[in-house]
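The sequence shown begins at 6 in the numbering used here and counts up by one. By construction, the Cβ of each residue, glycine as well, lies at the ideal position given by its N, Cα and C atoms. One structure is given below, encoded as structure tokens.
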Amino acid sequence: MIIILKPDPDPTQLESLQSWLRSRDLDIHMSQGQTSTIMGLVGDTTVVDIGQIRMFDIVEDVKRVQEPYKKANRKFHPQDTVIPLGEGTIGGGSFTLIAGPCSVESKEQILVVAQEVKRAGATALRGGAYKPRTSPYAFQGMREEGIALLLEARAATGLPIVTELMDASDLGAFEHVDVIQVGARNMQNFALLKVLGKIDKPILLKRGLAATIEELLMSAEYIMANGNEQVILCERGIRTFEVATRNTLDLSAIPVLKELTHLPIIVDPSHATGVARYVRPLSLAALAAGADGLIVEVHNDPAHAKCDGAQSLTPEAFSELSDAIAEMLPIVHKAVIPAR
Ligand code: PEP
Ligand code: MN
6 MIIILKPDPD
16 PTQLESLQSW
26 LRSRDLDIHM
36 SQGQTSTIMG
46 LVGDTTVVDI
56 GQIRMFDIVE
66 DVKRVQEPYK
76 KANRKFHPQD
86 TVIPLGEGTI
96 GGGSFTLIAG
106 PCSVESKEQI
116 LVVAQEVKRA
126 GATALRGGAY
136 KPRTSPYAFQ
146 GMREEGIALL
156 LEARAATGLP
166 IVTELMDASD
176 LGAFEHVDVI
186 QVGARNMQNF
196 ALLKVLGKID
206 KPILLKRGLA
216 ATIEELLMSA
226 EYIMANGNEQ
236 VILCERGIRT
246 FEVATRNTLD
256 LSAIPVLKEL
266 THLPIIVDPS
276 HATGVARYVR
286 PLSLAALAAG
296 ADGLIVEVHN
306 DPAHAKCDGA
316 QSLTPEAFSE
326 LSDAIAEMLP
336 IVHKAVIPAR
């Protein structure tokens with residue numbers, strides 16, 4: 006349920022409305038917009054009589070929210086959520102470029118890639134240290150050592166780091182990580198999501214291989230309901246009957262999510278396609294569709310990468326992509342954002 010307040014509500018009346026709602030065991034989520042204030046109510050609102058709420062003078066309107074996700078719902082929070090990332094932000098009109106290898110392989114590799122992507126204009130460095138591989142015999146990542154190397158790369162370049170956590174028992178190793186990634190295979194690992202709801206770090210939540218948009222939003226809701234509202238959604242392709250690409254990038258998810266939620270949405274064209282030469286066209290398409298950024302795999306030697314070499318851009322190709330994005334951005338800002 007949401008309550009829309011009249012402009013400049015009287016503070017004493019607001020206080021009495023809030024205590025009236027709290028006495029009915031409801032959590033209140035305040036959202037201050039430019040013209041109005043919205044109170045989002047979480048809890049069993051079936052017991053609330055809308056007529057009684059309307060009796061408070063400061064109330065403009067009251068609406069029931071049908072969707073099962075509340076805190077992630079744009080109706081609760083009409084303005085875009087903006088999340089700090091390094092010296093910049095993600096969401097709210099900026100375009101974030103996260104780039105780096107699928108996995109951290111060595112000190113030299115991660116330092117070279119970090120420097121290259123930084124020079125090309127990346128805003129954050131990605132790199133897997135704990136890898137969710139389909140085969141138990143494949144390279145599983147450098148684990149703590151990989152995180153230590155990412156931190157060295159951050160110290161050398163200033164780029165904030167984004168890396169995947171698969172198991173809550175490894176959380177201790179992530180203390181200095183800037184953004185924790187939840188991989189597609191873990192999107193509905195509710196125990197993990199609850200743990201991440203208790204920490205104060207942005208969470209990059211990837212859409213599951215066969216998850217609907219509503220299921221993605223419910224997973225975001227798990228993190229938010231547990232206290233952490235810094236969630237970045239990531240469309241990374243879903244499984245369809247098509248086998249020409251690794252997955253099918255669901256570009257429609259971008260405008261749909263923009264309508265349904267205030268959370269930032271980024272796109273991973275690398276895992277979506279599995280093919281390096283398709284990464285650029287889909288990156289530009291994601292930008293045109295209104296995404297808040299990209300997460301792209303870049304490797305200094307894709308042919309010898311320990312994982313996902315076929316979809317990794319060379320630093321040169323990434324730099325060309327970054328230039329194309331810079332050229333397209335002003336046009337997209339003019340054409341796409343006001344249309345929402
Ligand atoms: C990754 O980003 O390295 C990864 C494994 O992605 P996903 O979880 O989307 O497959
Ligand atoms: Mn990968």
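Are the CB atoms of L156 and H181 nearer to each other than 9 Å?
In this structure, H181 lies closer than 9 Å to L156 by Cβ.
Cα separation between H304 and G314?
Cα-Cα distance, rounded: 7 Å.
State the CB to CB distance for the pair K68 and H34, rounded to an integer number of angstroms; the pair is presumed to be in contact (CB under 8 Å).
The pair is not a contact, with the Cβ atoms about 14 Å apart (cut-off 8 Å).
How long is the line joining the alpha carbons of S21 and I58, rounded to whole angstroms?
About 11 Å.
If you draw a straight line from the alpha carbon of T312 to that of D273, how long is it in whole angstroms?
In the sequence under discussion, the amino acid at residue 312 is Cys, which differs from the Thr named in the question. Cα to Cα, the separation comes out at about 16 Å.
Would A129 and V70 qualify as a contact pair, given that the criterion is a beta-carbon distance under 9 Å?
It is not a contact, given that the beta carbons lie outside the stated cut-off.
Put N191 into one of helix, strand or coil per three-state DSSP.
Helix.
Under 8 Å, with one C-beta from each stretch per pair, do the stretch 210-219 and the stretch 181-191 reach the 3-pair mark?
At 8 Å Cβ cutoff, the stretches touch.
Nearest-angstrom Cα distance between D297 and I88?
So the alpha carbons of these two residues sit roughly 11 Å apart.
Is the beta carbon of G279 less than 9 Å from the beta carbon of T250?
Yes, they are a contact pair.
Classify F323 as buried or exposed, calling it buried when 16 or more other Cβ atoms lie within 10 Å of its own Cβ.
Flag for F323 reads buried.
Using 8 Å as the cut-off, can you tell me whether the stretch 194-204 makes contact with the stretch 215-227, which would need three or more C-beta pairs spanning the two stretches below that distance?
At 8 Å Cβ cutoff, the stretches touch.
Within its chain, find whatever has a CB closer than 8 Å to the CB of M192; leave out the 5 residues flanking it on each side and keep chain order.
L210, K211, R212, G213, A216, E220, L221, S224.
According to DSSP, which residues form a beta bridge with H309?
Answer is none; H309 lacks a bridge partner.
Helix, strand or coil for H276, going by three-state DSSP, please let me know.
In the structure shown, H276 sits in a helix (DSSP, three-state: H, G or I).
According to the Cβ coordinates, are S41 and P12 closer than 9 Å?
Cβ distance < 9 Å, so S41 and P12 count as in contact.
State buried or exposed for I336, treating a residue as buried only when at least 16 other CB atoms are found within 10 Å of its CB.
With fewer than 16 Cβ atoms within 10 Å of its Cβ, I336 is classed as exposed.
Between the stretch 95-115 and the stretch 129-149, are three or more C-beta pairs nearer than 8 Å?
Contact between the stretch 95-115 and the stretch 129-149 is present, because at least three Cβ pairs lie under 8 Å.
Which residue's Cα is closest to the Cα of G97: F179, H267, V301?
For the residues F179, H267, V301, the minimum Cα distance to G97 belongs to H267.
Is the separation between the beta-carbon of L26 and that of L46 shorter than 9 Å?
Yes.
Give me the DSSP bridge partner(s) of R5.
Because the chain is modelled from 6 through 345, residue 5 falls outside the range shown and cannot be assessed.
What number of angstroms, rounded off, separates the C-alpha of I7 from the C-alpha of E264?
Distance between the alpha carbons of I7 and E264 is about 17 Å.
Quick one: using the 10 Å Cβ neighbour count with 16 as the cut-off for buried, is R124 buried or exposed?
Exposed: under 16 other Cβ atoms inside 10 Å.
Go ahead and pull the three-state DSSP assignment for V248.
Reduced to three states, the DSSP call for V248 is coil.
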